[in-house]
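The structure under discussion appears below in the form of structure tokens.
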Amino acid sequence: MKLYNKLERKFGRYGIPNLTVYIIACYVAGYVLMLINPSVLSMMSLDPAKILQGQIWRLVTWVIYPPDFSSPILFIITILFFYYPIGTSLERTWGSFRYTLFIFGGLLLTLVAAFLLHFATGGYVQSGDVVYVLSGGIFTTYYISMSIFLAYAMTYPDMQVLLFFVIPIKVRWIAYVYGAMMLYDMVTYIRDGMWFMTIPFVASLLNLLFFYFSTKDLYRYHPKEIRRKQQFKKAVAQSRVNPATGGVSKHKCAICGRTEKDDPNLEFRFCSKCNGNYEYCQDHLFTHQHVK
Numbered sequence: 124m125k126l127y128n129k130l131e132r133k134f135g136r137y138g139i140p141n142l143t144v145y146i147i148a149c150y151v152a153g154y155v156l157m158l159i160n161p162s163v164l165s166m167m168s169l170d171p172a173k174i175l176q177g178q179i180w181r182l183v184t185w186v187i188y189p190p191d192f193s194s195p196i197l198f199i200i201t202i203l204f205f206y207y208p209i210g211t212s213l214e215r216t217w218g219s220f221r222y223t224l225f226i227f228g229g230l231l232l233t234l235v236a237a238f239l240l241h242f243a244t245g246g247y248v249q250s251g252d253v254v255y256v257l258s259g260g261i262f263t264t265y266y267i268s269m270s271i272f273l274a275y276a277m278t279y280p281d282m283q284v285l286l287f288f289v290i291p292i293k294v295r296w297i298a299y300v301y302g303a304m305m306l307y308d309m310v311t312y313i314r315d316g317m318w319f320m321t322i323p324f325v326a327s328l329l330n331l332l333f334f335y336f337s338t339k340d341l342y343r344y345h346p347k348e349i350r351r352k353q354q355f356k357k358a359v360a361q362s363r364v365n366p367a368t369g370g371v372s373k374h375k376c377a378i379c380g381r382t383e384k385d386d387p388n389l390e391f392r393f394c395s396k397c398n399g400n401y402e403y404c405q406d407h408l409f410t411h412q413h414v415k
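Using our numbering, you'd call the opening residue of the sequence shown number 124 and step up by one each time.
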């Protein structure tokens with residue numbers, strides 16, 4: 124969290140407002156090129172072998188490469204009516220800079236993963252008698268779009284959406300189903316010897332997990348912090364015990380020590396001018412010395 128705060132203070136002006144609109148525009152441009160001139164589109168994919176041969180524009184243009192060819196019209200409708208609202212909601216919640224950092228982090232990790240896979244395999248993977256050529260179609264923005272939805276589900280797990288525009292369902296359950304489908308695809312790829320197809324998913328998932336846990340205050344789970352909180356609760360509980368009755372009280376004056384068990388007609392208030400949670404009875408609320 125401290126790292127992100129420092130980055131935002133220093134580079135916050137570089138956050139891209141309405142980044143989701145530009146992402147969708149890239150998708151639409153890619154589908155238009157696919158319909159008009161597929162040969163031009165094939166020259167924009169993320170293919171490390173071609174990039175190393177001098178086609179450096181692929182380092183950027185691969186974001187236009189459509190993430191799904193099977194049903195382009197249906198996918199465009201999906202991203203317009205589903206990914207646009209969740210992307211803009213995340214941007215409003217996180218801020219433009221952190222949302223931009225999340226998207227570009229996914230793009231960068233996918234780019235690095237593509238080159239690592241190329242250098243590790245030489246561009247070819249053999250599984251049994253089959254030799255797979257690692258073409259540019261493996262690395263697209265499909266899993267990055269998936270990570271946007273999963274990030275939204277982590278941020279708003281109880282948000283309800285209308286499945287098929289009719290059935291109300293919480294986002295968390297859709298995320299569970301989506302994650303199970305992705306896990307099934309990974310297991311299938313590995314079983315069929317096409318393990319390299321799981322690399323884009325792993326890259327996007329690492330970006331999601333890194334961003335999610337980096338923005339969480341994990342210190343509260345530290346054993347020392349847990350023990351400190353337990354000791355504090357125990358001390359507070361002991362301070363609420365009335366020696367006369369042995370019962371546990373809800374209120375206790377910080378001056379005289381009286382509780383509601385001493386006098387049920389006593390009124391207690393917290394002082395807004397004291398530094399800390401100090402509670403006073405009605406007789407000492409306006410006469411005590413403020414704690415600074």
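Heads up, the beta-carbon is just placed ideally off N, CA and C, and yes, glycines get one too.
Our two residues, Leu331 and Tyr266, have alpha carbons roughly 11 Å apart in a direct line.
The alpha-carbon separation between Tyr401 and His411 amounts to approximately 11 Å. For Ile290, the uninterrupted beta strand (DSSP E) segment begins and ends at Ile290 to Lys293. The Cβ-Cβ distance between Ala274 and Phe333 does not fall below 8 Å.
Secondary structure in the stretch 134-207: the alpha helix (DSSP H) runs of 4 residues or longer, each lying completely within the stretch, are 142-159, 161-164, 171-175, 181-184 and 195-201 in chain order.
As DSSP reads the structure, Leu285 sits in a beta bridge with Pro291. DSSP links Thr382 through a beta bridge to Lys375. By the criterion of a C-beta distance shorter than 8 Å, Arg181 is surrounded in its chain by Met166, Met167, Ser168, Leu169, Asp170, Lys173, Ile174 and Gly259, once the five residues flanking it on both sides are discounted. Within the same chain, Leu142, Thr143 and Tyr222 come within 7 Å of Glu214 by CB-CB distance, once the 5 residues on both sides are set aside.
Where Ser258 is concerned, there is no enclosing alpha helix (DSSP H), because DSSP gives it neither an H nor an E. If the five residues before and after Thr321 are omitted, its C-beta is found closer than 6 Å to the C-beta atoms of Met309 and Tyr312, all from its own chain and listed in chain order. Residue range Phe391 to Phe393 is occupied by the beta strand (DSSP E) that includes Phe391, with no alpha helix (DSSP H) assigned at that position.
Our two residues, Ile378 and Cys397, have alpha carbons roughly 13 Å apart in a direct line.
Going by C-alpha positions, Phe391 is about 16 Å away from Gly399.
If the five residues before and after Gly251 are omitted, its C-beta is found closer than 7 Å to the C-beta atoms of Gly316, all from its own chain and listed in chain order.
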